[in-house]
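Chains A and B, in that order, are what the protein sequence lines are. For the first sequence, my numbering assigns the number 620 to the initial residue and increments by one for each residue that follows. For the second sequence, my numbering assigns the number 67 to the initial residue and increments by one for each residue that follows.
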Amino acid sequence: MDVYLPIANLSVNGLWIVALGALTGVLSGLFGVGGGFLTTPLLIFYGIPPTVAAASASTQVTGASVSGVIAHGKRKGVDYRMGAVMVGGGIIGAAIGALLFRFFRAIGQIDVVINALYVVLLGSIGILMARESLQLLRKSSGTKQAARRRHHPLVANLPWRWRFYGSGLYISPLAPLIVGIAVGILTMLMGVGGGFILVPAMLYILGMSANVVVGTSLFNILFVTIATTIMHSLTTRAVDIVLVGLLLIGSVTGAQFGSQLAVKAKPEVLRLVLASIVLLIAFRMFLGLFYQPDEIYTVYPL
Amino acid sequence: MRALLLLFAALMLSGQRDPVLVPEVSQHDVQVRQGFTGTELLLFGAVLDPAGRAGQDYDIVVVLKGPSEPIRLREKERFAGVWVNADSNDFRSVPSYFAVASSRPIEEIVDAKTAAIYEFGTGYIQLSPSGSINPEEQERFSLGLVDLKRRQGLYKEDFGGVQISEGVLYQARISLPSNVTTGTYSAETFAVTRGRVIASAVAEVEVRKVGFERFVELSANQYGLLYGFVAVMLSVLMGWGAGRLFARL
Chain A
620 MDVYLPIANL SVNGLWIVAL GALTGVLSGL FGVGGGFLTT PLLIFYGIPP TVAAASASTQ
680 VTGASVSGVI AHGKRKGVDY RMGAVMVGGG IIGAAIGALL FRFFRAIGQI DVVINALYVV
740 LLGSIGILMA RESLQLLRKS SGTKQAARRR HHPLVANLPW RWRFYGSGLY ISPLAPLIVG
800 IAVGILTMLM GVGGGFILVP AMLYILGMSA NVVVGTSLFN ILFVTIATTI MHSLTTRAVD
860 IVLVGLLLIG SVTGAQFGSQ LAVKAKPEVL RLVLASIVLL IAFRMFLGLF YQPDEIYTVY
920 PL
Chain B
67 MRALLLLFAA LMLSGQRDPV LVPEVSQHDV QVRQGFTGTE LLLFGAVLDP AGRAGQDYDI
127 VVVLKGPSEP IRLREKERFA GVWVNADSND FRSVPSYFAV ASSRPIEEIV DAKTAAIYEF
187 GTGYIQLSPS GSINPEEQER FSLGLVDLKR RQGLYKEDFG GVQISEGVLY QARISLPSNV
247 TTGTYSAETF AVTRGRVIAS AVAEVEVRKV GFERFVELSA NQYGLLYGFV AVMLSVLMGW
307 GAGRLFARL
């Protein structure tokens with residue numbers, strides 16, 4: 620099925636795009652990550668211009684997270700208060716990210732920076748998650764380990780505490796705000812929702828209760844990607860609505876299956892699977908930095 | 067008086083010797099709409115020789131060029147083991163599309179100098195490089211750019227792609243891929259004999275988006291904020307709709 624994309628200026632096989640959307644949809648429902656870290660590189664690999672890929676992927680993530688947020692919200696799996704604080708930080712971060720994007724673009728190193736960020740972040744988070752979930756898997760055969768949850772000592776030192784009932788926390792709102800800002804910067808720079816960094820940050824830095832992590836992460840992704848879509852529409856004008864539509868058809872259905880699966884599966888196993896996907900992509904990107912790239916030359920319109 | 071006579075004679079002679087090209091393109095208006103997967107243009111026409119000879123010794127070269135744009139080309143280099151963007155070079159007029167077809171290999175038809183003047187080949191495109199002064203470096207960048215565009219299917223050469231029948235009618239098929247830029251394309255036809263271009267003619271092809279595709283492009287460029295909101299609404303509604311649908315199942 621040939622579909623012409625009016626902003627990307629080329630025709631694609633619509634079924635492939637729908638399938639790609641479905642894959643990221645399952646991931647997003649299952650793990651609470653937007654799936655942008657998978658969509659963007661795959662779309663570029665397919666031949667879609669990088670800016671169009673990044674902009675459209677962030678719009679698609681919006682749709683995938685809506686159904687996820689609703690599904691998790693019904694199970695009381697969203698801490699709206701925590702989410703709102705993070706969204707605030709996310710919007711500040713997106714603005715900072717836009718400035719950084721312009722700076723790296725001006726010195727011509729934006730693609731190298733993006734690649735390096737992918738490798739460093741995905742690599743370290745993947746290793747952290749894999750180690751943790753392996754440890755949990757080994758221990759969980761005996762006594763229950765859920766009560767071991769604790770937030771990072773730095774977080775405990777921050778002043779001005781709030782109660783976050785959903786997450787079962789009494790911490791300073793500055794901590795989620797800072798996390799939000801960091802994720803917002805990455806969203807704009809890397810064209811991803813930031814879920815893959817948000818989920819571990821919530822678990823390991825904030826120490827949130829595991830049953831609200833996925834829902835709250837999706838809630839944050841929802842609003843941050845809305846902000847980035849608007850920012851892209853105003854600056855790069857690279858959001859391809861036809862591409863978004865195709866991706867959405869796949870991802871909204873995929874997200875439903877994903878969130879149903881998430882209830883049944885063991886969280887430690889889920890985390891291990893996510894860790895391996897993340898590590899795989901980091902490894903691929905790592906190779907990309909050191910091997911001779913397919914294209915030595917890149918064209919920038921003046 | 068004598069000079070006038072000479073001029074008249076020259077005119078008569080040239081009028082007799084130089085043939086007239088009558089070019090035509092199968093489609094003057096290429097419409098990019100939903101389902102557009104590229105198209106094939108047929109460039110055809112006739113070579114009319116006033117002297118009435120059937121011009122057996124003509125060669126025909128056709129050049130189809132898309133609208134030009136200025137670009138900056140960046141080159142990656144290995145720096146401490148990592149591939150980073152190093153040098154860059156600007157080109158002021160890079161055709162978004164370039165295809166050349168001829169009845170015989172170019173080097174058999176004209177010499178390199180003539181080929182360069184008329185841009186007979188992807189190696190002869192006048193890219194107007196600026197920035198680097200070093201000619202060797204410019205050559206490297208130009209080659210890289212042409213190679214990149216060639217692999218994207220936007221630059222091509224088809225030597226032998228022009229068929230001439232009876233020494234009068236010629237035709238060439240040139241395909242436009244789906245990733246072409248919209249704008250005015252020029253289809254130039256050249257008649258060459260004994261290494262010399264003796265006649266040329268230009269036809270224009272308009273490539274444009276129509277219908278929904280045009281509407282989307284216009285809205286994205288002129289009403290960015292509104293377009294962004296519509297994209298967000300589409301996302302939210304589809305996500306929410308799917309959630310409702312699945313909840314009922």
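For each residue, glycine too, the CB sits at the ideal point set by N, CA and C. All values derive from a computational prediction rather than experimental measurement.
8 Å Cβ cut-off: residues of chain B touching residue i
{"i": "A/Ile849", "result": "Leu291, Gly294, Phe295 and Val298"}
{"i": "A/Pro912", "result": "Lys142 and Trp149"}
{"i": "A/Ser686", "result": "Gly305, Trp306, Ala308, Gly309 and Phe312"}
Extent of the continuous alpha helix (DSSP H) to which residue i belongs
{"i": "A/Leu837", "result": "Ala829 to Leu853"}
{"i": "A/Tyr623", "result": "Unbroken run through A/Tyr623 is the beta strand (DSSP E), Asp621 to Leu624; no alpha helix (DSSP H)."}
{"i": "B/Phe102", "result": "Careful: B/Phe102 lies outside any alpha helix (DSSP H) and carries neither H nor E."}
{"i": "B/Tyr184", "result": "Ala178 to Tyr184"}
{"i": "A/Ala703", "result": "Tyr699 to Ala725"}
{"i": "A/Val888", "result": "Pro886 to Phe909"}
{"i": "A/Gln875", "result": "Ile860 to Lys883"}
{"i": "A/Lys693", "result": "Pro669 to Lys693"}
{"i": "A/Gln823", "result": "A small fix is needed here, since residue 823 of chain A is Tyr in this sequence, not Gln. Counting along the chain, A/Tyr823 falls outside any alpha helix (DSSP H), and DSSP gives it neither H nor E."}
{"i": "B/Tyr289", "result": "B/Tyr289 -> no alpha helix (DSSP H), and no H or E assigned at all."}
{"i": "A/Gly655", "result": "Gly655 to Tyr665"}
Pairwise C-alpha distance: residue j and residue i
{"i": "A/Gly907", "j": "A/Phe723", "result": "19 Å"}
{"i": "A/Ile868", "j": "B/Trp149", "result": "37 Å"}
{"i": "B/Phe145", "j": "A/Asp913", "result": "17 Å"}
{"i": "A/Tyr910", "j": "B/Asp213", "result": "20 Å"}
{"i": "A/Gly692", "j": "A/Gly654", "result": "20 Å"}
{"i": "B/Met299", "j": "B/Ala178", "result": "58 Å"}
{"i": "A/Phe783", "j": "B/Thr247", "result": "53 Å"}
{"i": "B/Phe225", "j": "B/Ala165", "result": "10 Å"}
{"i": "B/Asp153", "j": "B/Leu109", "result": "40 Å"}
{"i": "A/Phe664", "j": "A/Val731", "result": "16 Å"}
{"i": "A/Gln728", "j": "A/Leu719", "result": "11 Å"}
{"i": "A/Val918", "j": "B/Pro171", "result": "30 Å"}
{"i": "A/Pro668", "j": "A/Thr678", "result": "16 Å"}
{"i": "A/Gln764", "j": "A/Gln754", "result": "Confidence at A/Gln764 is low in this model, with a pLDDT of 46, below 50, so the placement of that residue should be treated as unreliable; the coordinate-derived value is given next. Spanning the two alpha carbons is a distance of roughly 11 Å."}
{"i": "B/Phe263", "j": "B/Asp84", "result": "Note on residue identity: the sequence assigns Val, not Phe, to residue 263 of chain B. Cα to Cα, B/Val263 sits roughly 10 Å from B/Asp84."}
{"i": "A/Leu629", "j": "A/Thr806", "result": "26 Å"}
{"i": "B/Thr98", "j": "B/Glu272", "result": "Residue 98 of chain B is actually Val in this sequence, not Thr. Roughly 10 Å between the two C-alpha positions."}
{"i": "A/Leu736", "j": "A/Leu866", "result": "25 Å"}
{"i": "A/Val831", "j": "A/Arg694", "result": "9 Å"}
{"i": "A/Ser647", "j": "A/Ser895", "result": "15 Å"}
{"i": "B/Gly81", "j": "B/Arg216", "result": "Residue confidence for B/Gly81 is low, a pLDDT of 48 falling below 50, so the modelled location carries little weight; the figure read from the coordinates is stated next. Going from the Cα of B/Gly81 to the Cα of B/Arg216 covers about 40 Å."}
{"i": "A/Ile900", "j": "A/Ser743", "result": "12 Å"}
{"i": "B/Leu107", "j": "A/Ser870", "result": "38 Å"}
{"i": "A/Thr762", "j": "A/Ser752", "result": "Bear in mind that the predicted position of A/Thr762 carries a pLDDT of just 45, short of 50, making it too unreliable to give a figure here."}
{"i": "A/Trp781", "j": "A/Met827", "result": "14 Å"}
{"i": "B/Ala76", "j": "B/Val276", "result": "Summary for B/Ala76: the model assigns pLDDT 49, below 50, so the residue's position carries little reliability, and this model does not support an answer."}
7 Å Cβ cut-off: residues of chain B touching residue i
{"i": "A/Gln728", "result": "Val150 and Asn151"}
{"i": "A/Leu853", "result": "Gly290, Leu291 and Gly294"}
{"i": "A/Ala683", "result": "Gly305"}
Contacts of residue i in chain B (Cβ-Cβ under 9 Å)
{"i": "A/Pro920", "result": "Glu135, Pro136, Ile137 and Arg138"}
Beta-bridge partners of residue i, as assigned by DSSP
{"i": "B/Ile126", "result": "B/Ala257"}
{"i": "B/Asn151", "result": "B/Lys142"}
{"i": "B/Glu345", "result": "Nothing about residue 345 of chain B can be read from this structure; chain B reaches only from 67 to 315."}
{"i": "B/Ile240", "result": "B/Leu107"}
{"i": "B/Ala265", "result": "B/Ala257"}
{"i": "B/Gln97", "result": "B/Arg274"}
{"i": "B/Val166", "result": "B/Val129 and B/Glu223"}
{"i": "B/Leu114", "result": "B/Val86"}
{"i": "B/Tyr251", "result": "B/Val271"}
Listed by chain order, chain A residues near residue i by CB distance under 7 Å
{"i": "B/Asn200", "result": "Ordered by position in chain A, no residue passes the 7 Å Cβ test against B/Asn200, which lies about 17 Å from the chain."}
{"i": "B/Ser244", "result": "Tyr623, Leu629 and Ser630"}
Endpoints, beta strand (DSSP E) assigned at residue i
{"i": "A/Tyr919", "result": "Tyr916 to Pro920"}
{"i": "A/Leu629", "result": "Leu629 to Asn632"}
{"i": "B/Pro89", "result": "Val86 to Val91"}
Chain A contact residues for residue i, given Cβ-Cβ distances below 9 Å
{"i": "B/Leu214", "result": "Glu914, Ile915, Tyr916, Thr917 and Val918"}
{"i": "B/Asp156", "result": "Leu921"}
{"i": "B/Ala286", "result": "Pro625, Ile626, Ser852, Arg856, Ala857, Val858, Asp859 and Ile860"}
Proximal residues of chain A, C-beta to C-beta of residue i below 8 Å
{"i": "B/Lys275", "result": "Pro625"}
{"i": "B/Gln100", "result": "Val622 and Tyr623"}
{"i": "B/Ala211", "result": "Reading off the sequence shown, one finds Leu at residue 211 of chain B, where the question assumed Ala. Near B/Leu211 (Cβ distances below 8 Å), the residues of chain A are Tyr916 and Val918."}
Output the residue ranges of the beta strand (DSSP E) runs that lie fully inside the region 779-808 of chain A and measure 3 residues or longer, sorted by chain position. 781-783 and 788-790
What runs of the beta strand (DSSP E), each 3 residues or longer, lie entirely inside the region 190-238 of chain B? 221-225 and 228-231
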